[in-house]
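Trainee: Have a look at this one before I ask anything.
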Amino acid sequence: MQPERLYETWADRKEAAQSYLEAVNWPNGQTEAWKFTSLSHLSDVVLNPPKRSASLARDARLDGEVLNFTAGLAPDLAAASLPKCIIATDISADKAICHKAFALLPDNHHLTALSASRQTAAVKIEVAGPAKINTPLILQFTDGKTDEAAHPFVFIDIADGAHLHLAELHEGASSLSQPLIFVRLGQGATLDHIKLQDESDHTTHLGLTLFRLAGQANVNSFSVSKGSQITRMETHCFFAAPDAQAAMSAVYLGCDSQHHDITTVVSHEYANCSSRQLIRGVLDDKARGVFQGRVRVAPDAQKTDGQQMSRALLLSRDAEADAKPELEIFADDVVCSHGATVGELDETLLFYLKSRGIDEAEARTMLIDAFLVDTLEEISYQPFADFLRGQVSGWTARKTGVE
Amino acid sequence: MVATVETIEAVEQATGAYKYGFVTDIETEKAPRGLSEDVIRFISAKKLEPEWMLDWRLKAYRYWLKMTPPDWAKLNVPPIDYDDIYYYAAPKSAEAPKSLDEVDPELLRTYEKLGIPLNEQKMLAGVAVDAVFDSVSVATTFREELAKAGVIFCPISEAIREYPDLVRKYMGSVVPVSDNYFSALNSAVFTDGSFVYIPDGVRCPMELSTYFRINEKNTGQFERTLIIAEDSSYVSYLEGCTAPQRDENQLHAAVVELVAQADAEIKYSTVQNWYPGDETGKGGIYNFVTKRGACRGDRSKISWTQVETGSAITWKYPSCVLKGKDSVGEFYSVAVTNGAQQADTGTKMIHLGEGSRSTIISKGISAGRSNNTYRGLVEMNKAAENSRNFTQCDSLLVGDTCGAHTVPYMVSRNPSAKIEHEATTSRISEDQLFYCLQRGLDEEEAVSLIVNGFCKEVMKELPMEFAVEAQKLIGISLEGSVG
Chain A
8 MQPERLYETW ADRKEAAQSY LEAVNWPNGQ TEAWKFTSLS HLSDVVLNPP
58 KRSASLARDA RLDGEVLNFT AGLAPDLAAA SLPKCIIATD ISADKAICHK
108 AFALLPDNHH LTALSASRQT AAVKIEVAGP AKINTPLILQ FTDGKTDEAA
158 HPFVFIDIAD GAHLHLAELH EGASSLSQPL IFVRLGQGAT LDHIKLQDES
208 DHTTHLGLTL FRLAGQANVN SFSVSKGSQI TRMETHCFFA APDAQAAMSA
258 VYLGCDSQHH DITTVVSHEY ANCSSRQLIR GVLDDKARGV FQGRVRVAPD
308 AQKTDGQQMS RALLLSRDAE ADAKPELEIF ADDVVCSHGA TVGELDETLL
358 FYLKSRGIDE AEARTMLIDA FLVDTLEEIS YQPFADFLRG QVSGWTARKT
408 GVE
Chain B
36 MVATVETIEA VEQATGAYKY GFVTDIETEK APRGLSEDVI RFISAKKLEP
86 EWMLDWRLKA YRYWLKMTPP DWAKLNVPPI DYDDIYYYAA PKSAEAPKSL
136 DEVDPELLRT YEKLGIPLNE QKMLAGVAVD AVFDSVSVAT TFREELAKAG
186 VIFCPISEAI REYPDLVRKY MGSVVPVSDN YFSALNSAVF TDGSFVYIPD
236 GVRCPMELST YFRINEKNTG QFERTLIIAE DSSYVSYLEG CTAPQRDENQ
286 LHAAVVELVA QADAEIKYST VQNWYPGDET GKGGIYNFVT KRGACRGDRS
336 KISWTQVETG SAITWKYPSC VLKGKDSVGE FYSVAVTNGA QQADTGTKMI
386 HLGEGSRSTI ISKGISAGRS NNTYRGLVEM NKAAENSRNF TQCDSLLVGD
436 TCGAHTVPYM VSRNPSAKIE HEATTSRISE DQLFYCLQRG LDEEEAVSLI
486 VNGFCKEVMK ELPMEFAVEA QKLIGISLEG SVG
């Protein structure tokens, strides 16, 4: 995850990113990291920079301060009423900050290269400590047109001991939506994070969220992917000091001919850190779900605890679930495990429920909910948990016809 | 025959071979260095092959030219100069040692530890054996017994001449010529290997082993094996040997194809202990093997068992294509890496048939500064109704300078199919070691004991002939990894 090359300036980085993209073009099954998700269809899509337009008003479903990135463009920061300890700055003109932030991101990576070369917005958000902020910060990504590509970049810097509730809501309509969110947590800082991907059905969503944790920092992150046509949702976690913890769970809900790819990379670089991931997927119709999870344990990262479990549920004969959990271990005193299962709804459970007088559709809803619910319990901040539970249950109910 | 001479002349002209000391004599033992269509014609001619075989080789070569070496494995492979390799060289008999006194004492010490009888030691060390141990006559006895049962067991070059219909029908049907870079290379230049054919309803009367095959010596770096088990037949095939094997050919790219028809069972066991190179891995063998079995018939079964302790770099994924209804695929593997060895090995289970089942048990042990990766694919296709897979991958780290990696791939296209995967990574605990030490075992014996316990599930799958030696081998492979 460490950069392989040092770039003097942002211009150098941008140029390197552009030549990288030209060399690899859109990755397809030939590239190991994109084995299950091909982006070759993007060669035929018109991808213009977004134009500013009036944002459509959205219902407030989640309490908090909203920053709305319309069509991937920066929000009007002057108009935002953020709490005193949160300072948001537009850094699209100040490339030195972008440059510094990108130096901490993986190099030779398709999504960071895309962001470096085609950024449509760049915002830095500083969270001062140690006062606890109760209002969640909501990054909302909306609108966009079928010939537009959105590449917003948000760099969030959480000071030592500070705390933030952060929600990413991706509900745009651009052809390509490629948000890059980089969160750096200081010593002992904590973050409650959720991410909802519910973009329009013609969108290709290539989201990348990265966490970089200092000592004793703690991240609790949960992602739900249910919208768009083709989704690649990457979450990276980089332990840059000992004694930090991260929980990064995800749920994907696929129907029609959707493609959901959940990819996670956890890099244990220092001792005594723990990571925990629960992944659940439900796939109906001709949907395809992919989970790729890499856990790397560096030679010095002794006493690492890395847990990963992925399960997929196939509701239809034409659905497909692929998984590639990966352990890369260079230290000997570690506890690491991964597990993966794929299957259908248990007929005996279904029979049991039906024998108690519950009709088929309702029984199926109950079983699918039960399959997903233990992951949702991972969310520690209750309003976030309630919000995502509503999203997940709504999907299940629609799927099984039980409103 | 005329065609053969013509071909050799063509090669000679094309390569200007005289300049480089290439002899035109039909008895010549070496093809010129490097790879070209003419070298392939030369190999084919040397083997007295029919036209169709040559065409097949040339087709493979043309594919190979367009391919690139795979780079997805967690391996650091130094660039290989394919034009600096001799693709055909007959064994050099003159250099064989005359007695065990001339053999490297280090090698003999290992034989002793493995408990290999003296006569076999001589044979393994390449001592001219005729006087002491007539392997040819032993092999002939075996052949007679096999012929009585109707089993064909011969070098593949002989099979190409004697049983062309069988070879044409099956060769390349499991591993297509264009399957991957190394299989294409092998298809173009393979020099020898085994051919086994078990007719309908025959249970092969003995375990077949490369060890007893005539012409086994120096089958070379590009070995090709084809095993066909007809309906309701059974065969167990042993490949390799526990004794350390040195070879001047650094690149080994073998292809093994198995075909199991209805109710047939093939059990294929490998013990691989090629030279791993020196401390830095220099001079060690690159073992890039393509092994695949097709369970074509209903209720057919293919079982791979491997104990991999040698080679500087191993790239090997013995696979099963489970096409038959209720067919069964099994993969049991122990891979030990020490020093600077690198191994990226595992399996592929492709479920096509209804009710097919597969089991994968993989035990990886890394020590020294080595890297050991399990990479395995389980694919459930549309028609694989009610199919099952169970995978268990355990890694054991000995020391804190090595790496153990697990990369399973799971593809499920059928909701009634079940895939289960478990992986653990652990190390030899201080408690276990302490317990053994206080019972009077020394550290190396203790590690050997613990590691053998760790891979017991796989070792019990090995045929008797291998089991005891393989256990000792694992201990020996880990020598110098502790203390």
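Sequences listed follow chains A and B, in order.
Position 139, counted from 1, in the first sequence is what the working numbering calls 146; the numbers after and before it change by one each time, with no gaps.
Position 268, counted from 1, in the second sequence is what the working numbering calls 303; the numbers after and before it change by one each time, with no gaps.
Glycine included, every Cβ here is placed at the ideal spot set by N, Cα and C.
Just so you know, these numbers come straight off a predicted model, no measurement behind them.
Report the rounded CA-to-CA distance for A:Y323 versus A:S362, giving the unit in angstroms.
Mentor: As a first step, residue 323 of chain A is located in the first sequence; it is residue number 316 there, counting from the start. As a first step, residue 362 of chain A is located in the first sequence; it is residue number 355 there, counting from the start. With the sequence shown as reference, residue 323 of chain A is identified as Ser, and Tyr is not the correct amino acid for it. Approximately 23 angstroms between the Cα atoms of the pair.
Trainee: I'd like to know if B:R97 contacts chain A, where contact means its C-beta is closer than 7 angstroms to some C-beta of that chain.
Mentor: What you label residue 97 of chain B is simply residue 62 of the second sequence in a count that begins at 1. Judged by the 7 angstroms Cβ criterion, B:R97 is not in contact with chain A.
Trainee: Identify the continuous alpha helix (DSSP H) that holds B:D90 and give its terminal residues.
Mentor: Residue mapping note: residue 90 of chain B aligns to position 55 of the second sequence, counting from 1. Residue range E86 to K101 is occupied by the alpha helix (DSSP H) that includes B:D90.
Trainee: Residue range of the beta strand (DSSP E) that A:A328 falls in?
Mentor: Along the first sequence, one-based indexing puts residue 328 of chain A at 321. Counting along the chain, the beta strand (DSSP E) containing A:A328 begins and ends at E327 to I336.
Trainee: DSSP three-state label for B:G510, please.
Mentor: As a working note, residue 510 of chain B is residue 475 in the second sequence. Under the three-state reduction of DSSP output, B:G510 falls in the helix class.
Trainee: For B:Y444, which residues from the same chain have a beta carbon less than 6 angstroms from its beta carbon, with the 5 sequence-adjacent residues on both sides left out?
Mentor: As a position in the second sequence, residue 444 of chain B is number 409, starting the count at 1. Same-chain partners within the cutoff: L412.
Trainee: Going by beta carbon distance, what residues of the same chain come within less than 6 angstroms of A:A278, once the five residues before and after it are set aside?
Mentor: What you label residue 278 of chain A is simply residue 271 of the first sequence in a count that begins at 1. Excluding residues within five positions, the ones whose Cβ falls inside 6 angstroms are P249, A308, Q309 and K310.
Trainee: So A:F148 packs on A:S182, CB below 8 angstroms; how close in whole Å?
Mentor: In the first sequence, the residue the question calls residue 148 of chain A occupies position 141. In the first sequence, the residue the question calls residue 182 of chain A occupies position 175. Actually they are not in contact, since the Cβ atoms of A:F148 and A:S182 sit about 14 angstroms apart, beyond 8 angstroms.
Trainee: Residue range of the beta strand (DSSP E) that B:W339 falls in?
Mentor: For this step, residue 339 of chain B is matched to residue 304 along the second sequence. Per DSSP, B:W339 belongs to the beta strand (DSSP E) from K336 to E343.
Trainee: Tell me, please, whether the CB atom of B:W107 is closer than 7 angstroms to any CB atom in chain A?
Mentor: Stepping through the second sequence from its first residue, residue 107 of chain B is reached at position 72. By this cut-off, B:W107 is an interface position.
Trainee: Residues of chain A with a CB under 7 angstroms from the CB of B:I262: which are they?
Mentor: Position 227 of the second sequence, counting from 1, holds the residue named residue 262 of chain B. Close to B:I262, with beta-carbon spacing below 7 angstroms, lies no residue of chain A; the smallest spacing is near 31 angstroms.
Trainee: When the Cα atoms are used, what is the spatial distance from B:N253 to B:S229?
Mentor: Within the second sequence, residue 253 of chain B is the residue found at index 218, counting from 1. Within the second sequence, residue 229 of chain B is the residue found at index 194, counting from 1. Low confidence applies to B:N253: its pLDDT is 43, below 50, so where it sits in the model is not reliable enough to give any reading.
Trainee: How many Å lie between B:A481 and B:I396 at the Cα?
Mentor: Sequence index remark: in the second sequence, residue 481 of chain B carries index 446 (1-based). Sequence index remark: in the second sequence, residue 396 of chain B carries index 361 (1-based). Distance from the CA of B:A481 to the CA of B:I396, rounded to the nearest whole angstrom, comes to 24 angstroms.
Trainee: So is A:C280 in contact with chain B if we call contact Cβ pairs under 7 angstroms?
Mentor: In the first sequence, the residue the question calls residue 280 of chain A occupies position 273. For A:C280, the answer is no, since every Cβ of chain B falls outside 7 angstroms of its Cβ.
Trainee: Would A:E72 and A:L49 qualify as a contact pair, given that the criterion is a beta-carbon distance under 7 angstroms?
Mentor: Translated into the one-based positions of the first sequence, residue 72 of chain A becomes position 65. Translated into the one-based positions of the first sequence, residue 49 of chain A becomes position 42. No. Outside cutoff.
Trainee: Three or more C-beta pairs under 8 angstroms: does that hold for the region 115-124 of chain A against the region 173-180 of chain A?
Mentor: These segments do not touch.
Trainee: Compare the C-alpha of B:L293 against each of B:V363, B:V209 and B:S213 and name the closest.
Mentor: The residue given as residue 293 of chain B occupies position 258 in the second sequence. Answer by Cα proximity: B:V209.
Trainee: So is A:H209 buried or exposed if we call it buried at 16+ other beta carbons inside 10 Å?
Mentor: The residue labelled residue 209 of chain A in the question sits at position 202 within the first sequence. The residue is exposed, with fewer than 16 neighbouring Cβ atoms inside 10 Å.
Trainee: Which residues in the same chain have their Cβ closer than 7 angstroms to the Cβ of B:P498, if we skip the five residues on either side of it in sequence?
Mentor: Counted from its first residue, the second sequence places residue 498 of chain B at position 463. When the five nearest sequence neighbours on each side are left out, the beta carbons in the same chain lying within less than 7 angstroms of the beta carbon of B:P498 are those of E242, S271, L273 and S304, in order along the chain.
Trainee: Give the residues of chain B in contact with A:T348, contact being defined as C-beta atoms less than 7 angstroms apart.
Mentor: Counting from one through the first sequence, the residue named residue 348 of chain A turns up at place 341. In chain order, I454 and E455 make up the part of chain B whose C-beta sits under 7 angstroms from the C-beta of A:T348.
Trainee: Exposed or buried, B:E300, counting other C-beta atoms within 10 Å across all chains shown (16 or more means buried)?
Mentor: In the second sequence, counting from the first residue as 1, residue 300 of chain B sits at position 265. Buried, since its Cβ has 16 or more Cβ neighbours within 10 Å.
Trainee: Roughly how many angstroms separate the alpha carbons of B:E465 and B:N406, rounded to a whole number?
Mentor: For the purposes of this step, residue 465 of chain B is taken as the residue at position 430 of the second sequence. For the purposes of this step, residue 406 of chain B is taken as the residue at position 371 of the second sequence. Looking at the two C-alpha atoms, the distance is approximately 22 angstroms.
Trainee: Give the residues of chain A in contact with B:S447, contact being defined as C-beta atoms less than 9 angstroms apart.
Mentor: The residue you call residue 447 of chain B lines up with position 412 of the second sequence. Under the 9 angstroms cutoff, chain A gives A319, L321, A326, E327, A328, D329, A330, V349 and G350.
Trainee: Is B:H440 near B:K109, with beta carbons less than 7 angstroms apart?
Mentor: Residue numbering aside, residue 440 of chain B sits at position 405 when the second sequence is read from its first letter. Residue numbering aside, residue 109 of chain B sits at position 74 when the second sequence is read from its first letter. Against a cut-off of 7 angstroms, the Cβ pair of B:K109 and B:H440 comes out as a contact.
Trainee: Which class does B:A129 belong to by DSSP, given the choice of helix, strand or coil?
Mentor: Along the second sequence, read from residue 1 onward, the residue named residue 129 of chain B stands at position 94. Residue placement at B:A129 is flagged as unreliable, the pLDDT there being 43, under the threshold of 50; the coordinate-derived value follows with that caveat. Note: B:A129 maps to helix in three-state DSSP.
Trainee: Whole angstroms are fine: how far does the CA of A:K233 sit from the CA of A:D154?
Mentor: Position 147 of the first sequence, counted from the start, is the residue given in the question as residue 154 of chain A. Position 226 of the first sequence, counted from the start, is the residue given in the question as residue 233 of chain A. If I take the Cα positions, the gap works out to 22 angstroms.
Trainee: Step through the CB atoms of chain B and report whether any lies within less than 7 angstroms of the CB of A:E39.
Mentor: For the purposes of this step, residue 39 of chain A is taken as residue 32 along the first sequence, with counting starting at 1. Judged by the 7 angstroms Cβ criterion, A:E39 is in contact with chain B.
Trainee: I need the DSSP call for A:Y14, collapsed to helix, strand or coil.
Mentor: For the purposes of this step, residue 14 of chain A is taken as residue 7 along the first sequence, with counting starting at 1. The answer is coil: DSSP assigns A:Y14 none of H, G, I, E or B.
Trainee: What does B:S451 reach in chain A if we use C-beta pairs closer than 9 angstroms?
Mentor: Here residue 451 of chain B refers to the residue found at position 416 of the second sequence. By Cβ distance, chain A contributes L321, R324, G350 and E351.
Trainee: For the 8 angstroms Cβ check, are there 3 or more pairs between the region 418-434 of chain B and the region 454-461 of chain B?
Mentor: yes
Trainee: So, for B:A129: in the same chain, excluding its five sequence neighbours on each side, which residues have a beta-carbon less than 8 angstroms away from its beta-carbon?
Mentor: Along the second sequence, one-based indexing puts residue 129 of chain B at 94. Because the pLDDT of B:A129 is 43, which lies under 50, any placement of that residue in the model is unreliable, and the number read from its coordinates should be weighed accordingly. So the list is empty, once near-sequence residues are dropped.
Trainee: Let me confirm a value: A:D114 is counted as buried when at least 16 other C-beta atoms fall within 10 Å, else exposed. Which label applies?
Mentor: Residue 114 of chain A sits at position 107 when you count from the first residue of the first sequence. Flag for A:D114 reads buried.
Trainee: Look up B:K302 in the DSSP assignment and say whether it is helix, strand or coil.
Mentor: In the second sequence, counting from the first residue as 1, residue 302 of chain B sits at position 267. Strand.
Trainee: According to DSSP, is B:Y53 part of a helix, a strand, or is it coil?
Mentor: For the purposes of this step, residue 53 of chain B is identified with residue 18 of the second sequence, where counting begins at 1. Here B:Y53 scores only 28 on pLDDT, less than 50, and its place in the model should not be relied on; the value that follows carries that caveat. B:Y53 falls in the helix class under three-state DSSP.
Trainee: Closer than 7 angstroms between beta carbons: that is the criterion. Which residues of the region 456-476 of chain B meet it against chain A?
Mentor: H456, E457, A458, T459, T460 and R462
Trainee: Would you please state the rounded distance, in angstroms, between the beta carbons of B:T325 and B:S218? I believe it to be under 8 angstroms.
Mentor: Sequence index remark: in the second sequence, residue 325 of chain B carries index 290 (1-based). Sequence index remark: in the second sequence, residue 218 of chain B carries index 183 (1-based). Their Cβ separation, rounded to whole angstroms, is 4 angstroms, which keeps B:T325 and B:S218 in contact under 8 angstroms.
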